[in-house]
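**Student:**
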Ligand SMILES: Nc1ncnc2c1ncn2[C@@H]1O[C@H](COP(=O)(O)OP(=O)(O)O)[C@@H](O)[C@H]1O
Ligand SMILES: [Mg+2]
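Residue numbers (the numbering used here), protein chains in the order written: chain V, 1 to 281; chain F, 1 to 252.
(1) Assuming residue 217 of chain F and residue 229 of chain F form a contact by the criterion Cβ under 8 Å, report the distance between their Cβ atoms to the nearest whole angstrom.
(2) Tell me whether residue 283 of chain V sits in a helix, a strand or coil according to DSSP, three-state version.
(3) Grab me the residues of residue 235 of chain F's own chain with a C-beta within less than 8 Å of its C-beta, minus the 5 sequence neighbours each way, in chain order.
(4) Name, going along the chain, the residues of the stretch 88-106 of chain V whose beta-carbon falls closer than 9 Å to a beta-carbon of chain F.
(5) Using DSSP with H/G/I as helix, E/B as strand and the rest coil, what is residue 66 of chain F?
(6) Is it a yes or a no for the stretch 136-147 of chain F touching the stretch 180-195 of chain V, going by three-plus beta-carbon pairs under 8 Å?
(7) Are there any heavy atoms of ligand 1 lying less than 7 Å away from the beta-carbon of residue 22 of chain F, as far as the coordinates show?
(8) At least one CB of chain F closer than 8 Å to the CB of residue 281 of chain V: is that the case?
(9) According to DSSP, simplified to helix, strand and coil, what is residue 223 of chain V?
(10) If you measure from the CB of residue 44 of chain F, is any heavy atom of ligand 1 nearer than 7 Å?
(11) Check whether the stretch 220-238 of chain V and the stretch 129-138 of chain V are in contact - that is, three or more C-beta pairs closer than 8 Å.
(12) Assign residue 164 of chain F to one of three DSSP states: helix, strand, or coil.
(13) Run down chain F in chain order and give the residues with a C-beta less than 7 Å from the C-beta of residue 181 of chain V.
(14) Measuring only between beta-carbons, confirm whether residue 239 of chain V sits less than 8 Å from chain F.
(15) Consider the Cβ of residue 161 of chain F: report whether some Cβ of chain V lies at a distance smaller than 8 Å.
(16) Assign residue 131 of chain V to one of two classes, buried (16 or more other C-beta atoms within 10 Å of its C-beta) or exposed (fewer than that).
(17) With three or more beta-carbon pairs closer than 8 Å as the criterion, would you say the stretch 59-66 of chain F touches the stretch 2-15 of chain F?
(18) Give the interface partners of residue 224 of chain F over in chain V, defined as CB-CB distance under 9 Å, in chain order.
(19) Contact criterion: CB-CB distance below 8 Å. Does residue 163 of chain V meet it with respect to chain F?
(20) Tell me the DSSP secondary structure of residue 252 of chain F in three-state form.
(21) Quick check on the burial criterion: 16 or more other C-beta atoms within 10 angstroms. Buried or exposed for residue 62 of chain V?
(22) Report yes or no: do the stretch 33-53 of chain V and the stretch 248-268 of chain V share at least 3 C-beta pairs separated by less than 8 Å?
(23) Using only the heavy atoms of ligand 2, determine whether one of them is closer than 7 Å to the beta carbon of residue 318 of chain F.
(24) Could you give the residue range of the beta strand (DSSP E) that holds residue 261 of chain F?
(25) Rounded to a whole number of angstroms, what is the C-alpha to C-alpha distance between residue 252 of chain F and residue 151 of chain V?
(26) State the DSSP-derived secondary structure class of residue 281 of chain V, mapped to helix, strand or coil.
(27) Where does the unbroken alpha helix (DSSP H) through residue 236 of chain F begin, and where does it stop?
(28) Figure out for me which residue from V:146, V:79, V:96 and V:141 has the closest Cα to the Cα of residue 109 of chain V.
(29) With a CB to CB cut of under 6 Å and the five nearest residues on each side skipped, what residues in its chain are close to residue 93 of chain F?
(30) According to the neighbour-count rule (16 or more other Cβ atoms, all chains shown, within 10 Å of its Cβ), is residue 215 of chain V buried or exposed?
(31) For chain F, check one thing: does any of its Cβ atoms lie closer than 8 Å to the Cβ of residue 168 of chain V?
(32) With DSSP run on the structure shown, which of helix, strand or coil describes residue 224 of chain F?
(33) For a cutoff of 8 Å on Cβ pairs, would you count residue 14 of chain F as touching chain V?
(34) Between which two residues does the alpha helix (DSSP H) harbouring residue 46 of chain V extend?
(35) Measuring only from the beta carbon, is residue 166 of chain V closer than 7 Å to any heavy atom that is part of ligand 1?
(36) Using a Cβ cut-off of 8 Å, pull out every chain F residue sitting near residue 171 of chain V, in sequence order please.
So, in structure tokens, the structure goes:
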């Protein structure tokens with residue numbers, strides 16, 4: 001076979017593989033869109049569920065997920081970014097920091113149900129927070145931290161060392177170099193990591209199962225110590241735990257969750273490209 | 001003799017256990033151009049980076065001896081390092097503009113030092129760019145990105161960036177090594193005018209350049225200071241055989 005035909009064959013094969021990868025994703029989105037569109041209405045988004053969740057809307061679950069994601073962000077972003085700056089810019093390479101790095105890498109691979117059980121033991125029971133938004137957000141934050149830290153560290157390390165040297169040579173303290181040069185350069189990467197982590201937090205069921213999520217609670221939480229409904233768990237409940245649930249409600253709920261996650265993703269992409277464009281040195 | 005601006009006293013230095021400077025002693029007079037030259041790996045860069053304590057950033061090093069600037073031991077624990085580095089400016093072998101505009105680059109050090117007075121900043125901006133022979137070329141694009149400048153312009157920008165802090169001492173580590181001959185010429189010319197106001201130590205990128213600009217010259221070989229004398233003397237009548245071999249190009 002000629003080299004040219006080999007190449008054509010190679011391209012064809014690769015295209016096929018790409019299609020195989022993308023097709024299921026498109027199929028999932030397509031089915032959810034087609035089946036779920038019918039359920040979406042202003043009422044569906046803003047009303048309390050009733051009649052065993054077979055009627056009404058998903059308002060408390062949507063609000064719950066937004067609050068949980070916000071809580072996760074409030075806890076995870078400062079700790080994650082601050083910790084990473086310490087690890088990447090200040091900490092010397094010692095046994096302790098190596099252990100911390102190893103722990104972070106491994107934490108990223110732990111199944112989310114384990115975080116859920118940890119949250120139950122640590123926050124709900126031991127620290128007596130009860131099943132509450134606080135306990136749920138803390139659990140989600142712990143799950144999110146490794147993602148934030150590893151991507152942020154990667155971005156900080158990709159900023160050329162020379163900038164640190166130049167900044168120091170001009171009388172900059174280490175913090176000034178970080179504040180004025182390193183962080184602005186690393187920001188797009190850091191933001192990407194944050195959003196990826198929060199996306200995961202918004203969509204997970206296992207970590208909130210025992211720590212915050214309510215099966216059926218048709219009112220909004222009044223304080224961080226209240227439990228709340230949340231979209232992923234609600235979806236799980238109406239898909240598997242309630243007999244006779246109309247299928248368009250399931251698809252509609254899935255569609256809202258999907259839209260939430262995709263719009264966060266889009267937001268991340270926009271922020272990132274905005275900072276990229278400003279970067280250029 | 002005038003009191004030495006910089007007094008390097010029996011300095012030895014190691015990265016890990018690898019000693020790259022051995023018992024180096026030399027005095028540098030104020031308002032002069034001193035050249036450190038010799039083959040790569042001789043320890044010239046290291047010695048320069050000891051004078052503004054930039055090698056503090058490197059971990060796992062050892063140092064013996066003292067370095068005095070204006071009679072003050074700069075490795076004394078009471079020294080405020082950012083202040084020292086403002087007094088001892090440095091320009092690196094490769095032009096390393098910071099992210100941002102020409103103006104931001106020149107004024108970066110002053111921003112860190114907390115200088116806010118607009119008219120003073122503008123004044124220093126023009127003054128340092130003029131001193132580094134760049135003003136005419138960039139005065140209409142002060143707010144353009146620094147990376148858009150040519151390599152030679154970037155390097156003069158880096159010189160201006162150091163000058164903006166009004167240092168007494170300027171350390172230049174092969175500042176023209178990445179430049180074409182015309183840019184090199186411009187940078188060298190700007191250096192000549194500088195020595196009236198600054199104590200300059202420069203690692204040249206060629207012996208010709210060393211001979212052109214040196215008031216005094218120090219020849220380094222494998223971490224040892226082989227010979228230190230007036231430039232006119234060292235390049236025409238070197239006393240040590242090793243120096244002669246290197247200067248006449250028979251080194252190797
Ligand atoms: N950061 C460093 N870590 C370890 N060794 C280094 C470092 N910087 C320089 N060296 C070593 O120190 C020696 C002297 O280097 P340098 O001071 O750069 O000499 P020169 O500027 O004369 O070429 C070389 O052998 C070099 O490999
Ligand atoms: Mg060097």
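Glycine included, C-beta positions come from ideal geometry on N, C-alpha and C. Computed from a predicted model, the values in this text were never measured in an experiment.
**Tutor:** In this structure, then:
(1) Translated into positions along the second chain, residue 217 of chain F becomes position 217. Translated into positions along the second chain, residue 229 of chain F becomes position 229. Sure, about 7 Å apart at Cβ, within 8 Å.
(2) Residue 283 of chain V lies beyond the range of chain V shown here (1 to 281); nothing can be said about it.
(3) Along the second chain, one-based indexing puts residue 235 of chain F at 235. Hits under 8 Å: 207, 210, 211, 214, 217 and 247.
(4) 92 and 93
(5) By one-based count along the second chain, residue 66 of chain F stands at place 66. Looking at residue 66 of chain F - three-state DSSP - the assignment turns out to be strand.
(6) no
(7) Stepping through the second chain from its first residue, residue 22 of chain F is reached at position 22. No, Cβ of residue 22 of chain F sits at least 7 Å from all heavy atoms of ligand 1.
(8) Indexing the first chain from 1 puts residue 281 of chain V at position 281. Because the pLDDT at residue 281 of chain V is just 49, under 50, the model does not fix this residue reliably, and the point stays unresolved.
(9) Numbered from its first residue, the first chain carries residue 223 of chain V at position 223. Coil, per DSSP.
(10) Counting from one through the second chain, the residue named residue 44 of chain F turns up at place 44. Yes.
(11) They touch, by the three-pair rule.
(12) For the purposes of this step, residue 164 of chain F is taken as the residue at position 164 of the second chain. In the structure shown, residue 164 of chain F sits in coil (DSSP, three-state: anything other than H, G, I, E or B).
(13) Position 181 of the first chain, counted from the start, is the residue given in the question as residue 181 of chain V. Those within 7 Å of residue 181 of chain V in chain F are 98 and 99.
(14) Stepping through the first chain from its first residue, residue 239 of chain V is reached at position 239. Output row for residue 239 of chain V: interface = no.
(15) Here residue 161 of chain F is taken as the residue at index 161 of the second chain, counted from 1. Residue 161 of chain F counts as touching chain V.
(16) For this step, residue 131 of chain V is matched to residue 131 along the first chain. That one is buried.
(17) Cβ pair count under 8 Å is three or more, so yes.
(18) Taking the first residue of the second chain as position 1, residue 224 of chain F is located at position 224. What residue 224 of chain F touches in chain V: nothing, since even the nearest Cβ is about 26 Å away.
(19) Indexing the first chain from 1 puts residue 163 of chain V at position 163. It does: the Cβ of residue 163 of chain V has a partner Cβ on chain F nearer than 8 Å.
(20) Position 252 of the second chain, counted from the start, is the residue given in the question as residue 252 of chain F. Low per-residue confidence applies at residue 252 of chain F: pLDDT is 49, beneath 50, and the placement is therefore not dependable, though the value from the model is reported in the following sentence. Of the three classes helix, strand and coil, the one that applies to residue 252 of chain F here is coil, per DSSP.
(21) For the purposes of this step, residue 62 of chain V is taken as residue 62 along the first chain, with counting starting at 1. Buried, because 16 or more other Cβ atoms sit within 10 Å of the Cβ of residue 62 of chain V.
(22) Yes, they touch.
(23) The shown model of chain F, from 1 to 252, leaves out residue 318 of chain F, and the question about it has no answer.
(24) Here chain F covers residues 1 to 252 and nothing more, so residue 261 of chain F does not appear.
(25) By one-based count along the second chain, residue 252 of chain F stands at place 252. By one-based count along the first chain, residue 151 of chain V stands at place 151. With a pLDDT of 49 at residue 252 of chain F, under the threshold of 50, the modelled position of this residue cannot be trusted, and the question is left open.
(26) Locating residue 281 of chain V in the first chain gives position 281, where the first residue counts as 1. Low per-residue confidence applies at residue 281 of chain V: pLDDT is 49, beneath 50, and the placement is therefore not dependable, though the value from the model is reported in the following sentence. In this structure, residue 281 of chain V counts as coil in the three-state DSSP scheme.
(27) Translated into positions along the second chain, residue 236 of chain F becomes position 236. Residues 231-236.
(28) The residue given as residue 109 of chain V occupies position 109 in the first chain. Comparing Cα-Cα distances from residue 109 of chain V to each of V:146, V:79, V:96 and V:141, the minimum goes to V:146.
(29) Within the second chain, residue 93 of chain F is the residue found at index 93, counting from 1. Only 173, 174 and 177 meet the Cβ criterion.
(30) What you label residue 215 of chain V is simply residue 215 of the first chain in a count that begins at 1. A residue is called buried once 16 or more other Cβ atoms fall within 10 Å of its Cβ, and residue 215 of chain V, having fewer, is exposed.
(31) Here residue 168 of chain V corresponds to residue number 168 of the first chain, with the count starting at 1. Residue 168 of chain V counts as touching chain F.
(32) Here the question's residue 224 of chain F lines up with position 224 in the second chain. Note: residue 224 of chain F maps to strand in three-state DSSP.
(33) Within the second chain, the letter at position 14 stands for residue 14 of chain F. Judged by the 8 Å Cβ criterion, residue 14 of chain F is not in contact with chain V.
(34) Here the question's residue 46 of chain V lines up with position 46 in the first chain. Where residue 46 of chain V is concerned, the enclosing alpha helix (DSSP H) stretches over 42-46.
(35) Within the first chain, residue 166 of chain V is the residue found at index 166, counting from 1. No, ligand 1 has no heavy atom inside 7 Å of this Cβ.
(36) Taking the first chain and counting its residues from 1, one reaches residue 171 of chain V at position 171. Correct list: 82, 83, 85, 86, 109, 112, 113 and 165.
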